[in-house]
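>
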Amino acid sequence: MITNKIETFLKEALQDLEYEADSVEVIVSNRSDISDYQYDGSFKLAKVLHKSPIEIGTTIVEKLKEKEDIEKYFQKIEVLPPGFINFTLSNEWINETINEMAKSEKFNISLPKKETIVIDYGGPNIAKPLHVGHLRSAIVGESIKRMLKYMGHDVISDVHLGDYGLQIGEVIYGIQEKRISLEDITLEDLEKIYPEISGRCKEDEELKEKCASITKDLQDGSEEYQPYFERIKEISGQDILRIYKYLDVSFDLWQGESDAYPYIEPLTKELESMNLLTESEGAKVVFVNKESDAKELPPMMYQKKNGAYLYGTTDLATIYERRQKYHPDDIIYLADFRQSLHFETVFRVCEKLGYTKDMKLEHLAFGTVNGTDGKPFKTRAGNSPKLDSLFKEVKESFLKSNEKNENMTEQDLDIIVNAIIKFADLQNNREKDYIFDINKFSSVVGKTGPYILYTYLRIASILKKEQYTIDELNKEIYDSTDREVRRKLIELSSTLNHAVELRMPSILANYLYELCVNINAFYEKNHINNLEDRNKKENWLFLLDLGNRILKEMLDLLGIKIPERM
RNA sequence: GUCUUGGUAGCUCAGUUGGAUAGAGCGUUAGCCUCCGAAGCUAAAGGUCAUGAGUUCGAAUCUCAUCCAAGACACCA
Numbered sequence: 166m167i168t169n170k171i172e173t174f175l176k177e178a179l180q181d182l183e184y185e186a187d188s189v190e191v192i193v194s195n196r197s198d199i200s201d202y203q204y205d206g207s208f209k210l211a212k213v214l215h216k217s218p219i220e221i222g223t224t225i226v227e228k229l230k231e232k233e234d235i236e237k238y239f240q241k242i243e244v245l246p247p248g249f250i251n252f253t254l255s256n257e258w259i260n261e262t263i264n265e266m267a268k269s270e271k272f273n274i275s276l277p278k279k280e281t282i283v284i285d286y287g288g289p290n291i292a293k294p295l296h297v298g299h300l301r302s303a304i305v306g307e308s309i310k311r312m313l314k315y316m317g318h319d320v321i322s323d324v325h326l327g328d329y330g331l332q333i334g335e336v337i338y339g340i341q342e343k344r345i346s347l348e349d350i351t352l353e354d355l356e357k358i359y360p361e362i363s364g365r366c367k368e369d370e371e372l373k374e375k376c377a378s379i380t381k382d383l384q385d386g387s388e389e390y391q392p393y394f395e396r397i398k399e400i401s402g403q404d405i406l407r408i409y410k411y412l413d414v415s416f417d418l419w420q421g422e423s424d425a426y427p428y429i430e431p432l433t434k435e436l437e438s439m440n441l442l443t444e445s446e447g448a449k450v451v452f453v454n455k456e457s458d459a460k461e462l463p464p465m466m467y468q469k470k471n472g473a474y475l476y477g478t479t480d481l482a483t484i485y486e487r488r489q490k491y492h493p494d495d496i497i498y499l500a501d502f503r504q505s506l507h508f509e510t511v512f513r514v515c516e517k518l519g520y521t522k523d524m525k526l527e528h529l530a531f532g533t534v535n536g537t538d539g540k541p542f543k544t545r546a547g548n549s550p551k552l553d554s555l556f557k558e559v560k561e562s563f564l565k566s567n568e569k570n571e572n573m574t575e576q577d578l579d580i581i582v583n584a585i586i587k588f589a590d591l592q593n594n595r596e597k598d599y600i601f602d603i604n605k606f607s608s609v610v611g612k613t614g615p616y617i618l619y620t621y622l623r624i625a626s627i628l629k630k631e632q633y634t635i636d637e638l639n640k641e642i643y644d645s646t647d648r649e650v651r652r653k654l655i656e657l658s659s660t661l662n663h664a665v666e667l668r669m670p671s672i673l674a675n676y677l678y679e680l681c682v683n684i685n686a687f688y689e690k691n692h693i694n695n696l697e698d699r700n701k702k703e704n705w706l707f708l709l710d711l712g713n714r715i716l717k718e719m720l721d722l723l724g725i726k727i728p729e730r731m
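Basically this note's numbering = 1-based index in the first sequence + 165.
Pasting the structure below:
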């Protein structure tokens, strides 16, 4: 990475000068008109050395310039008021870096130490169809999974179905009340029953208790309810699978809460042996407060008064057996921020059990989906819109946006719909609620998925018209738009590392957008296929080819494919 | 009530962990198709970074207070 190399130069210079800096960090210049990279250490040193930042900066720069082949790397190193050290890279170094990227399968990105990571996302509830609220977990989770894999980690993804809680008891009750026979249950039935019974339970205490007891019996292995559970899971599962397939979201493990049940008994024994389980108000709980806590945390509910277990119990049992067996360095959960407290308490129990000594637990929270009025997004009927209808709506508005779209293949259309939705979602990084605007999810101009795809296809069509034969760039950079493209290309490695470290696909999404902006400006200004200078043309084609390789592979990390035509 | 997030352009959002002149898209205004794909490009206008204090050479970013919004707070997930 370029930044590492500059940092090494700096460290050496600082050492020679006997300046002590705890960390040396170079960042991409936020004055791109002045330089490519900047260093602000002179300000920190100024305090210790009681000299002006400019004075210190100047000394450092002089030292740097003593290095033998320094001009091979930098066109210019200078200190500018108020005291930043500005680095402008030499064309030679930029091109060398790009050549190395082009030769490498993964663009010469620096790979971190390999870890084993379990990622839990999607988390659909089998009692109801997927709606817009499930979109983020699926899309963001899928992208994080792909990024982690790309960086060489061992990743195990788990959908972790919500399949054994109170909601199942409610649905089973509804099916029985309506006297629907097991064979005749349809998806439509399920879609109606759950909201109805769950709504009624909020009003009717007795009914709620009835459903809770069905849930409890099911968990205990009731022969009466087991077939219902199986059937619901089958019907619902097929539909969930179908939608994830459309979104190109897939999991290594298709397991749920119910799969954790066999492990509750041994887990209970372990908790008991450590004296962590306490009877409280008839229920069994684990207290997780610490002396140092400013606030009081509620205990983790382990077992209800009626004997039934809850989602914290299954989360814990899942870690206890199914996840620990992989010896993960990290378990990542993608769930909305309303569940923050839940995860905090579960994680604390894990800490008490000693699991967190060599395993990290992360809850990546995101906001809920609101409508343009800032209130929870609802259809006219009062439900959250189903993902199916979202796909349909996006597709229709895309077809309407341009008449040539009518000739597109169904496959390409689906790719575009995916690109629109995913890019709209992935470009923002929000823990707070986000506004769901169907117009935004239908837009094809500006900072959108189609913009990136358009750029890719346009480059592809330039490359198709003319081949290049060189296998690396020469030492030249031909104009400012050209330089901007190259500068952006060499930022790939640090960008991707940063995105993975922070588990933020938005960083990658924004990088791709910026790369496309630079490329668009570049080929709009320079009509490559009409060039007479063969050398220049070959170099530019080479550059565009690399750009497209990067676009394609990075889009894949966002879960976005490329259509044949658009 | 306690705690957690958050408040950046008319709207939707970035802002790399304290740096130089706060950035995009949409929308608005003005240009660009005899030239590789106009789903594009070039410009312009638009800001008291909720408010007030503090820390710092330097604050949208850190601290405190206030206002506003969303959410969580033991037998739902």
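Cβ coordinates follow ideal geometry from the N, Cα and C atoms, glycine included.
1) Starting from F252 and walking both ways along the beta strand (DSSP E), at which residues does that stretch end?
2) Quick one: grab the DSSP three-state call for A530.
3) Using DSSP with H/G/I as helix, E/B as strand and the rest coil, what is M573?
4) Is the number of C-beta pairs between the segment 285-298 and the segment 267-276 that are closer than 8 Å three or more?
5) Have a look at E527, I291, C366 and flag the residue whose alpha-carbon is nearest the alpha-carbon of Q734.
6) If you drop the 5 nearest sequence neighbours on each side, which residues of the same chain put their C-beta closer than 6 Å to that of I358?
7) Compute the distance between the beta-carbons of P277 and M316, then report whether it is under 8 Å.
8) Smallest Cα separation from G306: which of K212, L352, D417?
9) Could you give the C-beta distance for Y678 and T660, rounded to a whole number, given that I count them as a contact under 8 Å?
10) Nearest to D319 by alpha carbon, out of D201, N251, D495?
11) Please work out which residues of its chain come closer than 7 Å, Cβ to Cβ, to K398, disregarding the five sequence neighbours upstream and downstream, and give them in chain order.
12) For T613, tell me which candidate among L436, P392, N593, K597 has the shortest Cα-Cα distance.
13) So the beta strand (DSSP E) E631 belongs to, where does it begin and stop?
14) Report yes if the CB atom of E172 is closer than 8 Å to the CB atom of V191, and no otherwise.
15) Cα-Cα, which of K373, F707, P427, D647 is closest to E689?
16) Measuring alpha carbon to alpha carbon, tell me which of I167, L229, V193, E261 ends up nearest L182.
17) For the segment 364-442, which segments carrying the beta strand (DSSP E) assignment without a break, of at least 3 residues, lie completely within its bounds, in sequence order?
18) With a 10 Å radius around its C-beta and 16 neighbouring C-beta atoms as the bar for buried, classify M465 as buried or exposed.
19) When burial is assigned at 16 or more other CB atoms within 10 Å of the CB, is L326 buried or exposed?
20) When the Cα of K460 is compared with those of L506, T443, E353, S562, which residue comes out closest?
21) Applying the criterion that 16 or more other CB atoms from any shown protein chain within 10 Å of the CB defines a buried residue, is K310 buried or exposed?
22) Can you tell me the Cα-Cα spacing of D187 and R699, whole angstroms?
23) In chain order, what residues of the same chain have a beta carbon less than 7 Å from the beta carbon of P728, not counting five sequence neighbours either side?
24) To which residues does DSSP link V283 through a beta bridge?
25) Can you tell me the Cα-Cα spacing of G447 and L680, whole angstroms?
26) Could you compute how far the alpha carbon of I219 sits from the alpha carbon of D710?
27) N685 and T620 - do their beta-carbons sit closer together than 8 Å?
28) To the nearest angstrom, how far is the alpha carbon of E388 from that of E437?
29) In the DSSP assignment, the alpha helix (DSSP H) including Y338 goes from what residue to what residue?
30) By DSSP's criteria, D202 is part of a beta bridge. Which residues make up the other side?
31) Compare the C-alpha of M757 against each of C515, R301, T253, S566 and name the closest.
32) Under three-state DSSP, which class holds H296?
Put simply:
1) To locate residue 252, count along the first sequence from 1; it is residue 87. Segment 249-254, the beta strand (DSSP E) holding F252.
2) On the first sequence, residue 530 is found 365 positions in, with the first residue counted as 1. In the structure shown, A530 sits in a strand (DSSP, three-state: E or B).
3) Taking the first residue of the first sequence as 1, we reach residue 573 at position 408. Note: M573 maps to coil in three-state DSSP.
4) no
5) Because residue 734 is not part of the residues shown, which for the chain are 166 to 731, the question remains open.
6) As a first step, residue 358 must be located in the first sequence, where it is residue number 193. Result list for I358: V336, G339, in chain order.
7) As a first step, residue 277 must be located in the first sequence, where it is residue number 112. As a first step, residue 316 must be located in the first sequence, where it is residue number 151. Yes, the Cβ-Cβ distance between P277 and M316 is below 8 Å.
8) In the first sequence, the residue the question calls residue 306 occupies position 141. For the residues K212, L352, D417, the minimum Cα distance to G306 belongs to D417.
9) If you number the first sequence from 1, residue 678 lands on position 513. If you number the first sequence from 1, residue 660 lands on position 495. Actually they are not in contact, since the Cβ atoms of Y678 and T660 sit about 12 Å apart, beyond 8 Å.
10) Position 154 of the first sequence, counted from the start, is the residue given in the question as residue 319. Nearest C-alpha to D319: D495.
11) As a working note, residue 398 is residue 233 in the first sequence. Cβ within range, chain order: I291, D328.
12) Reading the first sequence from its first residue, position 448 is the one you call residue 613. With distances taken between Cα atoms, T613 lies closest to N593.
13) Here residue 631 is taken as the residue at index 466 of the first sequence, counted from 1. Note, E631: premise wrong, no beta strand (DSSP E); not H, not E.
14) Here residue 172 is taken as the residue at index 7 of the first sequence, counted from 1. Here residue 191 is taken as the residue at index 26 of the first sequence, counted from 1. Contact flag set, yes.
15) Walking along the first sequence from the start, residue 689 turns up at place 524. Here the closest residue by C-alpha is D647.
16) Reading the first sequence from its first residue, position 17 is the one you call residue 182. Of the listed residues, the one whose Cα sits closest to L182 is L229.
17) none
18) Translated into the one-based positions of the first sequence, residue 465 becomes position 300. Buried, since its Cβ has 16 or more Cβ neighbours within 10 Å.
19) The count along the first sequence starts at 1 and reaches residue 326 at position 161. With 16 or more other Cβ atoms within 10 Å, it is buried.
20) Here residue 460 corresponds to residue number 295 of the first sequence, with the count starting at 1. Measuring from the Cα of K460, the nearest candidate turns out to be L506.
21) Mapped onto the first sequence, residue 310 falls at position 145. K310 should be labelled buried.
22) Indexing the first sequence from 1 puts residue 187 at position 22. Indexing the first sequence from 1 puts residue 699 at position 534. D187 and R699: Cα-Cα distance of roughly 49 Å.
23) Numbered from its first residue, the first sequence carries residue 728 at position 563. Contacts found: D577, I580, I581, L618.
24) Here residue 283 refers to the residue found at position 118 when the first sequence is read from its first residue. V283 pairs with I321, I496.
25) Within the first sequence, the letter at position 282 stands for residue 447. Within the first sequence, the letter at position 515 stands for residue 680. One C-alpha to the other measures close to 60 Å.
26) In the first sequence, the residue the question calls residue 219 occupies position 54. In the first sequence, the residue the question calls residue 710 occupies position 545. Each residue's alpha carbon lies about 42 Å from the other.
27) Here residue 620 refers to the residue found at position 455 of the first sequence. Here residue 685 refers to the residue found at position 520 of the first sequence. Result yes, Cβ atoms of T620 and N685 sit closer than 8 Å.
28) Residue mapping note: residue 388 aligns to position 223 of the first sequence, counting from 1. Residue mapping note: residue 437 aligns to position 272 of the first sequence, counting from 1. Cα to Cα, E388 sits roughly 30 Å from E437.
29) Taking the first residue of the first sequence as position 1, residue 338 is located at position 173. Here the alpha helix (DSSP H) through Y338 covers 331-342.
30) Along the first sequence, one-based indexing puts residue 202 at 37. According to the sequence shown, residue 202 is Tyr rather than Asp. V193, F252.
31) This structure does not reach residue 757, given that the chain is present from 166 up to 731, and the question cannot be answered.
32) Here residue 296 refers to the residue found at position 131 when the first sequence is read from its first residue. Here H296 sits in strand by DSSP.
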